[in-house]
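Read the structure below first, then the notes.
Numbering (my numbering), first residue to last: 151 to 275.
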């Protein structure tokens, strides 16, 4: 079967060659919070795992570790600083959905934080 990403002259691609121009964009930073823990959290709330949900929750957890609170703009800025190209609207919609499902809470200061029940699920390791 023909694969346009492989050399057609029979040679092998060089070691470490990227198979796409955006390969690794989302993997440049190793999360401090294992994705598996966040996957289990989402599953316990009946939500599918998506890359944007993983990244948004990780951003909120990192901010909480640093005693910071993030609103929509803060989460979006943090993701952009990590070279994660997500739109502001996408981040806002994910935050709204996570709030609606009870994973995170919207605070009086317009910031978001992990719901205590969700924190308990994460800390039940």
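Heads up, the beta-carbon is just placed ideally off N, CA and C, and yes, glycines get one too. Predicted model, so just to flag it, every value in this text is computed and none were measured.
Report the CB separation of residue i from residue j in whole angstroms; it is logged as a contact under 8 Å.
{"i": "residue 199", "j": "residue 187", "result": "About 12 Å; that fails the 8 Å criterion."}
{"i": "residue 241", "j": "residue 194", "result": "Not confirmed; about 22 Å, so no contact."}
{"i": "residue 197", "j": "residue 251", "result": "6 Å"}
{"i": "residue 211", "j": "residue 264", "result": "7 Å"}
{"i": "residue 256", "j": "residue 249", "result": "5 Å"}
Looking at the strands, I want to know which residues DSSP matches up with residue i.
{"i": "residue 255", "result": "263"}
{"i": "residue 220", "result": "262"}
Among the options, which has the Cα closest to the Cα of residue i?
{"i": "residue 201", "options": "223, 234, 225, 250", "result": "234"}
{"i": "residue 223", "options": "216, 206, 217, 192", "result": "206"}
{"i": "residue 225", "options": "247, 209, 269", "result": "209"}
{"i": "residue 218", "options": "192, 236, 259, 191", "result": "259"}
Can the beta-carbon of residue i be found less than 7 Å from the beta-carbon of residue j?
{"i": "residue 261", "j": "residue 204", "result": "no"}
{"i": "residue 268", "j": "residue 253", "result": "yes"}
Closest Cβ-Cβ distance between residue i and chain B: below 7 Å?
{"i": "residue 268", "result": "Here there is only one protein chain, and chain B is not present."}
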